[in-house]
Amino acid sequence: MIPEKGIPPEHRPQLSSSTRPDLPEEKEKSSISPTISDAFGKLSNVRASVETVVKKQAALQRIVLPYPRMLECMWAFENMLRLGLETRGQPQLGMRVFFETGTGKTTSARQHALLKQATAATGTIPVLLASLSTKGTAKQLYVSIMSALGDGFAMAGTETTLRLRTMRALREKGVQLLILDEAHHPGRSGFSGDITAELKLMLDMGEVPIVLLGTDEAVPIIGADKELAGRLMAPCRLGSLDWAMEDERGLWTEFLASLDQEIVRKGISKELVGIADYDVAEALNAICGGVIGRIMRIMLTAIPLAANDGRDSIDLEDVAEAVDRWSIEHGFATENPLSVLLG
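Just so we're aligned, residue 48 is where the sequence shown starts under my numbering, counting upward by one.
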């Protein structure tokens with residue numbers, strides 16, 4: 048074949064339409080069903096625009112309320128950090144925060160990290176948040192930390208060299224508190240004695256205090272190692288809220304009221320939804336098991352239900368349907384008392 052370089056365009060061989068191969072874009076276009084395209088177009092005309100729905104959902108996901116127990120948890124992190132600075136060089140302490148998913152563990156950690164980063168010196172990371180791998184090895188522990196520090200060669204080296212590199216990197220980056228999220232993951236492959244031994248060793252090296260975040264699956268894993276448990280401070284109170292307890296009932300209702308107001312303030316709903324009304328709040332507490340994160344997923348599901356019906360406001364019927372679609376479908380609830388309440 049004669050190379051085309053240097054040949055004028057008018058003299059280059061041309062492929063006929065019958066022999067020219069389809070480009071990927073052409074193949075993709077030719078595979079679209081005309082009837083599907085027409086039906087989707089008609090559906091789009093009667094439903095709210097995707098952009099409108101997504102913007103409202105994104106606005107909801109950006110809501111972070113000053114939930115009292117999250118603030119308590121953030122203060123516990125601050126206490127750990129300051130104590131660590133005061134006793135640097137001595138064996139450090141740790142803390143565990145093991146509760147159900149959705150109770151605010153990771154949100155508390157992220158907010159505290161952002162708070163400290165806002166006043167940090169350039170190039171430093173006062174609070175480092177790293178997620179543990181499911182592999183459950185001592186080496187992977189250090190790989191997770193180095194990855195969170197942005198090290199491009201996080202996996203390079205043996206366990207021993209990685210430990211030394213990690214401790215040096217923590218010092219160089221000015222890390223004052225290390226938070227290890229997903230602490231229950233290694234348990235699936237046997238949160239081995241290697242991991243707990245490394246955590247004890249890191250604490251004994253006196254560099255930084257360590258907070259472990261995870262679900263309650265991790266409680267027996269860490270509790271089985273009494274030496275490690277003996278190095279831990281009392282955990283935060285971030286569990287689910289029990290409607291039968293007056294103070295917890297108050298926390299739940301206040302959270303719903305604040306959320307409802309914020310939903311209106313951000314233009315997600317034109318009017319209050321009414322989720323903080325006493326009977327509604329009780330029904331939602333039963334549906335969510337007292338876990339604040341679950342109500343956020345229910346409201347996320349309710350947004351398109353109202354929007355696609357052409358309404359600017361979310362109502363309780365939307366919330367009840369969202370419970371069926373999210374809570375019950377995902378097995379977080381077995382019944383919907385809100386639907387019963389609304390008749």
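Note that the Cβ used here is the ideal one computed from N, Cα and C, for glycine as well.
Simplified DSSP state of residue i, which is helix, strand or coil
| i | result |
| --- | --- |
| G261 | strand |
| L319 | coil |
| R143 | strand |
| L347 | helix |
| L279 | strand |
| E125 | helix |
| S360 | coil |
| Q187 | helix |
| T205 | coil |
| I79 | coil |
| T171 | coil |
| V366 | helix |
| G53 | Residue confidence for G53 is low, a pLDDT of 49 falling below 50, so the modelled location carries little weight; the figure read from the coordinates is stated next. G53 falls in the coil class under three-state DSSP. |
| T381 | coil |
| I375 | helix |
| A271 | coil |
| S63 | At S63, the pLDDT of 47 sits below 50, so the modelled position is not reliable; the number obtained from the coordinates is stated separately. Coil at S63, not helix or strand. |
| E133 | helix |
| M249 | helix |
| T213 | helix |
Cβ-Cβ distance between residue i and residue j below 8 Å
| i | j | result |
| --- | --- | --- |
| W299 | G337 | yes |
| M398 | S155 | What the structure shows of the chain is the stretch from 48 to 390, and residue 398 is not part of that stretch, so it cannot be assessed. |
| L385 | A330 | yes |
| I334 | V387 | no |
| L161 | F302 | no |
| A201 | S194 | yes |
| V255 | Q139 | yes |
| I342 | Y114 | no |
| L260 | T150 | no |
| M142 | L347 | no |
| I110 | E309 | yes |
| V320 | D307 | yes |
| M121 | Q158 | yes |
| V190 | L209 | yes |
| D356 | K317 | no |
| L389 | E364 | yes |
| V174 | I242 | no |
| I361 | A106 | no |
| A323 | A304 | yes |
Best match in the options for proximity to residue i [C-alpha to C-alpha]
| i | options | result |
| --- | --- | --- |
| L211 | T99, L188, T243 and I226 | L188 |
| M214 | I322, G136, D324 and G314 | G136 |
| Q108 | T207, E364, L389 and K313 | K313 |
| E264 | L347, V144 and L225 | V144 |
| E274 | L224, P351, D251 and L209 | D251 |
| Q104 | E376, A354 and L279 | A354 |
| L379 | E147, G131 and H159 | Note that residue 379 corresponds to Phe in the displayed sequence, not to Leu. The candidate whose alpha carbon is nearest that of F379 is E147. |
| T99 | I361, P351, E364 and T381 | P351 |
| T169 | D241, S191 and G221 | G221 |
| C283 | L389, H377, D198 and F124 | F124 |
| A271 | A244, E382 and E293 | A244 |
| A281 | S96, E119 and H377 | E119 |
| A276 | E293, R296, L246 and T134 | L246 |
Where the beta strand (DSSP E) containing residue i begins and where it ends
| i | result |
| --- | --- |
| A177 | V174 to S178 |
| L225 | L224 to D228 |
Unbroken alpha helix (DSSP H) run spanning residue i, endpoints
| i | result |
| --- | --- |
| Y114 | Per DSSP, Y114 belongs to no alpha helix (DSSP H) and is neither H nor E. |
| G221 | Run containing G221: none; DSSP gives neither H nor E here. |
| E301 | E293 to R312 |
| A106 | V97 to Q108 |
| Q23 | Here the chain has residues from 48 to 390 only, and residue 23 is not among them. |
| A384 | The residue you asked about is not Ala; residue 384 is Pro in the sequence shown. Where P384 is concerned, the enclosing alpha helix (DSSP H) stretches over P384 to L389. |
| L285 | It is not in any alpha helix (DSSP H) - L285 carries neither H nor E in the DSSP assignment. |
| D326 | Y325 to C335 |
Cβ separation of residue i and residue j, assumed to be a contact under 8 Å, to the nearest whole Å
| i | j | result |
| --- | --- | --- |
| D228 | L176 | 6 Å |
| I345 | V366 | 6 Å |
| L224 | L128 | 4 Å |
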